[in-house]
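The structure under discussion appears below in the form of structure tokens.
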Amino acid sequence: MNTSVLSISGPIMTGPSSSHTAGALKIGRLALQINDKPIKKVRIYLHGSFASVYKGHATDKAILGGLLGMSTDSKEIKNAYSIAKESNLSYKFIKTDLGEKYHPNTVRIEILDEKKPLIITASSIGGGAIILKGINNFYLNFKEPLGSTYSIIIIHKDSAGVINDLTKMLTTTNNNIASIHSERKEKGGDALTIIETDERVSDKIFTEMKLSKNIYSIFIMK
Amino acid sequence: MKNGFKDFTAKEFLKNNENKDLYELFLDYETSLTKQSKEKIHETLKIRLRVMENAIKRKLKEESITMGKMGGDISNKLSKKFLDNKLNWALGELSRKAALYALATNEENACMGCIVACPTAGGAGVVPGVFFSSKEQFKFSNKDLEKGLFIASGIGAMIANQTGLSGAEGGCQAEVGSAVAMAGAGLTYMRGGTNEECFTAASLGLKNLLGLVCDPIGGLVEVPCMKRNSFGTQFSLLASDMALAGVKSTIPFDEVVLAMKEIGHLMHTNLKETAKGGLANTPTGKKIAKDLNIEI
Numbered sequence: 120m121n122t123s124v125l126s127i128s129g130p131i132m133t134g135p136s137s138s139h140t141a142g143a144l145k146i147g148r149l150a151l152q153i154n155d156k157p158i159k160k161v162r163i164y165l166h167g168s169f170a171s172v173y174k175g176h177a178t179d180k181a182i183l184g185g186l187l188g189m190s191t192d193s194k195e196i197k198n199a200y201s202i203a204k205e206s207n208l209s210y211k212f213i214k215t216d217l218g219e220k221y222h223p224n225t226v227r228i229e230i231l232d233e234k235k236p237l238i239i240t241a242s243s244i245g246g247g248a249i250i251l252k253g254i255n256n257f258y259l260n261f262k263e264p265l266g267s268t269y270s271i272i273i274i275h276k277d278s279a280g281v282i283n284d285l286t287k288m289l290t291t292t293n294n295n296i297a298s299i300h301s302e303r304k305e306k307g308g309d310a311l312t313i314i315e316t317d318e319r320v321s322d323k324i325f326t327e328m329k330l331s332k333n334i335y336s337i338f339i340m341k
Numbered sequence: 004m005k006n007g008f009k010d011f012t013a014k015e016f017l018k019n020n021e022n023k024d025l026y027e028l029f030l031d032y033e034t035s036l037t038k039q040s041k042e043k044i045h046e047t048l049k050i051r052l053r054v055m056e057n058a059i060k061r062k063l064k065e066e067s068i069t070m071g072k073m074g075g076d077i078s079n080k081l082s083k084k085f086l087d088n089k090l091n092w093a094l095g096e097l098s099r100k101a102a103l104y105a106l107a108t109n110e111e112n113a114c115m116g117c118i119v120a121c122p123t124a125g126g127a128g129v130v131p132g133v134f135f136s137s138k139e140q141f142k143f144s145n146k147d148l149e150k151g152l153f154i155a156s157g158i159g160a161m162i163a164n165q166t167g168l169s170g171a172e173g174g175c176q177a178e179v180g181s182a183v184a185m186a187g188a189g190l191t192y193m194r195g196g197t198n199e200e201c202f203t204a205a206s207l208g209l210k211n212l213l214g215l216v217c218d219p220i221g222g223l224v225e226v227p228c229m230k231r232n233s234f235g236t237q238f239s240l241l242a243s244d245m246a247l248a249g250v251k252s253t254i255p256f257d258e259v260v261l262a263m264k265e266i267g268h269l270m271h272t273n274l275k276e277t278a279k280g281g282l283a284n285t286p287t288g289k290k291i292a293k294d295l296n297i298e299i
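Residue numbers (my numbering), protein chains in the order written: chain A, 120 to 341; chain B, 4 to 299.
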């Protein structure tokens, strides 16, 4: 594991806890980013230490703040409940036990959407760092990429040519692929592909990728 | 390892790089890992130091109440006494200021103010406490502080490379313990210490906080966290003085970190940020939680 020096003295954040406030907010914001549109209804499952002490660390407000797109140093985190109400975000916090294999600071966010429901599982591992542990029924172990690499995470239909279409689009801007990982649940079912690139994908290419055939969901993790 | 070092450990840094400054070593590691320029890194460090200093100033100027009502005005009240050199104190001015600034940072944090996690929010007071108090005594420049913060962060990164920094994973030794190691090494570097003396200061400080549990009342980052940061600064100052005076650590830094990791694994869950044991489980601790309507 390569830990960045600068990742240690940071983030600049609103208190009181880097794991239970800043990290929790980042998980909420990641869920918003993956969902790619404002969230209307969520169930938030808190596991381990998150379930025990979430209120005192404002973990609940931080997750809501993230789901509403706030940043870790936002002064509005403390007002997340009223802002959620104004934004028509309906939510429910549920204490749960996801089992021993999950880090004690883990949350599962279930976005309830008739067309495109989404389940995000992520852990806050200390100092504001987070690990994405799963999207829907795909199990992941995905740390935020460092510095100059960018990761594009794509949920798509398992179908011939999907990955070819995506990599071709990247080639048009000469964006080099550092690594690629793909898996599927069943033939013709949901598939997940992670492409790590050297350059940030341009907005134009990203939009093209999003509209490409058989793509359900796509986002960039930095 | 891709960045020219076999391992990101103190042993590796000390083995083949006797003539290279510790700051340069961490810089080589970081730039090859993240491809960020030296200028960009220093810009980030400068902003973080400003946020740290502002948090201290803000809290010493204005009183407020923390979320759990267990503080918010302690550092402000203490400053009126601690900054008076005419009173007869056991500790010197530097020690008192370090304790005061650390407390102010953590009170600001507990009031949902803006701070820099260093390495975490619960342990955020130690590095600014040590740095901004010693800045005045040793006349450190802003550039010195930037380099010192980078060294401190490097020490934290070496710990994080082996084990988690959250109280939930390793107890308070992973938070305040790591912060003490970071501040001790950073201060030793700024005072002109050798690479070995920097790692020694980190080892001495961390060794004496091994086993420290995370047992906050009601799960809030207030008691004992806020004052514990003040006490942490004293360990960093002592570790730096001892290292510069030539005292060695019998157990090398990398092994102290592994001991911390092992102790974290052996530590009962009730003592790892769940508010189910220790101070949180005392009659007074439970009463405070109950009065705040916090169910554990």
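Glycine residues also receive a C-beta, built at the ideal position from the N, C-alpha and C atoms. Just so we're clear, the structure is a prediction, and the values are computed from it rather than from any experiment.
How is the beta strand (DSSP E) around residue i delimited, first residue to last?
{"i": "Glu302 of chain A", "result": "296-303"}
{"i": "Leu237 of chain A", "result": "237-245"}
{"i": "Arg51 of chain B", "result": "Counting along the chain, Arg51 of chain B falls outside any beta strand (DSSP E), though it belongs to the alpha helix (DSSP H) covering 41-64."}
{"i": "Met193 of chain B", "result": "Where Met193 of chain B is concerned, there is no enclosing beta strand (DSSP E), although the alpha helix (DSSP H) it sits in stretches over 181-193."}
{"i": "Ile339 of chain A", "result": "334-340"}
Chain A beta carbons: is any one of them nearer than 7 Å to that of residue i?
{"i": "Glu258 of chain B", "result": "no"}
{"i": "Ser118 of chain B", "result": "It should be noted that the sequence gives Ile, not Ser, for residue 118 of chain B. Output row for Ile118 of chain B: interface = yes."}
{"i": "Pro131 of chain B", "result": "no"}
{"i": "Ala113 of chain B", "result": "yes"}
{"i": "Val54 of chain B", "result": "yes"}
{"i": "Phe234 of chain B", "result": "no"}
{"i": "Pro286 of chain B", "result": "no"}
{"i": "Cys201 of chain B", "result": "no"}
{"i": "Gly157 of chain B", "result": "yes"}
{"i": "Thr123 of chain B", "result": "yes"}
{"i": "Ile59 of chain B", "result": "no"}
{"i": "Arg51 of chain B", "result": "yes"}
{"i": "Phe29 of chain B", "result": "yes"}
{"i": "Ala278 of chain B", "result": "yes"}
{"i": "Thr12 of chain B", "result": "no"}
{"i": "Leu36 of chain B", "result": "yes"}
For residue i, decide whether its Cβ has a neighbour in chain B, counting only Cβ atoms nearer than 7 Å.
{"i": "Asp216 of chain A", "result": "no"}
{"i": "Leu125 of chain A", "result": "yes"}
{"i": "Gly247 of chain A", "result": "yes"}
{"i": "Ile282 of chain A", "result": "no"}
{"i": "Asp192 of chain A", "result": "yes"}
{"i": "Ile213 of chain A", "result": "no"}
{"i": "Asn293 of chain A", "result": "no"}
{"i": "Thr122 of chain A", "result": "yes"}
{"i": "Asn224 of chain A", "result": "yes"}
{"i": "Ile244 of chain A", "result": "yes"}
Along the chain, where does the alpha helix (DSSP H) containing residue i start, and where does it finish?
{"i": "Val238 of chain B", "result": "Residue 238 of chain B is actually Phe in this sequence, not Val. Residues 228-247."}
{"i": "Thr291 of chain A", "result": "281-291"}
{"i": "Asp348 of chain B", "result": "Given a span of 4 to 299 for chain B in the structure shown, any question on residue 348 of chain B remains unanswerable."}
{"i": "Asn224 of chain A", "result": "Run containing Asn224 of chain A: none in the alpha helix (DSSP H); it sits in the beta strand (DSSP E), 224-230."}
{"i": "Ala171 of chain B", "result": "170-173"}
{"i": "Asn198 of chain B", "result": "198-210"}
{"i": "Ala35 of chain B", "result": "According to the sequence displayed, residue 35 of chain B carries Ser and not Ala. That run of the alpha helix (DSSP H) goes 25-37."}
Who does residue i pair with in a DSSP beta bridge?
{"i": "Phe257 of chain A", "result": "A:Ile254"}
{"i": "Thr85 of chain A", "result": "There is no way to answer for residue 85 of chain A, as the model of chain A reaches only from 120 to 341."}
{"i": "Tyr210 of chain A", "result": "A:Val161"}
{"i": "Asp309 of chain A", "result": "A:Lys276"}
{"i": "Lys275 of chain B", "result": "B:Cys217"}
{"i": "Ala248 of chain A", "result": "A:Gly245"}
Below 7 Å between beta carbons is the criterion; list the residues of the stretch 217-230 of chain B that meet it against any residue of chain A, in chain order. Here the close residues are Gly221, Gly222, Leu223, Val224.
Below 8 Å, can you find three or more Cβ-Cβ pairs linking the stretch 149-161 of chain B to the stretch 43-51 of chain B? Between the stretch 149-161 of chain B and the stretch 43-51 of chain B there are three or more C-beta pairs closer than 8 Å, enough to call the two in contact.
Please confirm if the stretch 158-174 of chain A is in contact with the stretch 284-303 of chain A, defined as three or more CB-CB distances below 8 Å between the two stretches. Verdict: no, contact absent.
Contact between the stretch 73-81 of chain B and the stretch 96-116 of chain B is defined here as three or more beta-carbon pairs at a separation below 8 Å; is this criterion met? Yes: the two stretches touch, three or more of their Cβ pairs being nearer than 8 Å.
Output, in sequence order along the chain, the residues in the stretch 133-146 of chain A whose CB is closer than 9 Å to any CB in chain B. Those residues of the stretch 133-146 of chain A that come within reach of chain B (Cβ to Cβ, closer than 9 Å) are Thr133, Gly134, Pro135, Ser136, Ser137, Ser138, His139, Thr140, Ala141, Gly142.
Contact the stretch 122-131 of chain A vs the stretch 176-189 of chain A: 3+ CB pairs below 8 Å: Note that the stretch 122-131 of chain A does not touch the stretch 176-189 of chain A; fewer than 3 beta-carbon pairs, one per stretch, sit closer than 8 Å.
Could you please tell me which residues of the stretch 149-171 of chain A, in chain order, have their CB closer than 8 Å to any CB of chain B? Close to chain B, meaning a Cβ-Cβ distance shorter than 8 Å, are the following residues of the stretch 149-171 of chain A: Gly167, Ser168, Ser171.
Can you give me, in chain order, the residues of the stretch 159-175 of chain B that have a beta carbon less than 7 Å from any beta carbon in chain A? Listed by position, the residues of the stretch 159-175 of chain B near chain A (Cβ gap below 7 Å) are Gly159, Ala160, Ala163, Asn164, Gly167, Leu168, Ser169, Ala171, Glu172.
With three or more beta-carbon pairs closer than 8 Å as the criterion, would you say the stretch 277-284 of chain A touches the stretch 249-265 of chain A? Under the three-pair Cβ rule at 8 Å, the stretch 277-284 of chain A does not count as touching the stretch 249-265 of chain A.
Between the stretch 133-140 of chain A and the stretch 121-132 of chain B, are three or more C-beta pairs nearer than 8 Å? With contact defined as three or more Cβ pairs closer than 8 Å, the stretch 133-140 of chain A and the stretch 121-132 of chain B are in contact.
Does the stretch 170-189 of chain B come into contact with the stretch 272-279 of chain B, if we say contact requires no fewer than three beta-carbon pairs (one atom in each stretch) closer than 8 Å? Short answer: they touch.
Against chain A: residues of the stretch 81-111 of chain B by CB proximity under 9 Å: Answer set for the stretch 81-111 of chain B: Asn109, Glu111.
Check whether the stretch 14-28 of chain B touches the stretch 310-318 of chain A, taking contact to mean three or more Cβ pairs, one atom from each stretch, closer than 8 Å. Cβ pair count under 8 Å is below three, so no.
Are the stretch 140-149 of chain A and the stretch 126-135 of chain B in contact at 8 Å, needing three or more beta carbon pairs? In short, these stretches do not touch, since the Cβ pair count stays below three.
Any 3 or more C-beta pairs closer than 8 Å across the stretch 89-100 of chain B and the stretch 46-65 of chain B: With a cut-off of 8 Å, the stretch 46-65 of chain B and the stretch 89-100 of chain B do not count as touching, because too few Cβ pairs lie within range.
Taking one C-beta from the stretch 238-250 of chain B and one from the stretch 198-210 of chain B each time, how about it: are there three or more such pairs within less than 8 Å? Below 8 Å, enough C-beta pairs join the stretch 238-250 of chain B and the stretch 198-210 of chain B to call them touching: three or more.
Proximal residues, the stretch 178-194 of chain B versus chain A, C-beta separation under 9 Å: Of all residues in the stretch 178-194 of chain B, Glu178, Ser181, Met185 have a Cβ within less than 9 Å of some Cβ in chain A.
Members of the stretch 61-80 of chain B near chain A, C-beta cut-off 9 Å: Residues Thr69, Met70, Gly71.
Stretch-stretch touch, CB-based, cutoff 8 Å, three pairs: the stretch 230-244 of chain B with the stretch 187-199 of chain B: Judged by Cβ distances under 8 Å, the stretch 230-244 of chain B makes contact with the stretch 187-199 of chain B, as three or more pairs qualify.
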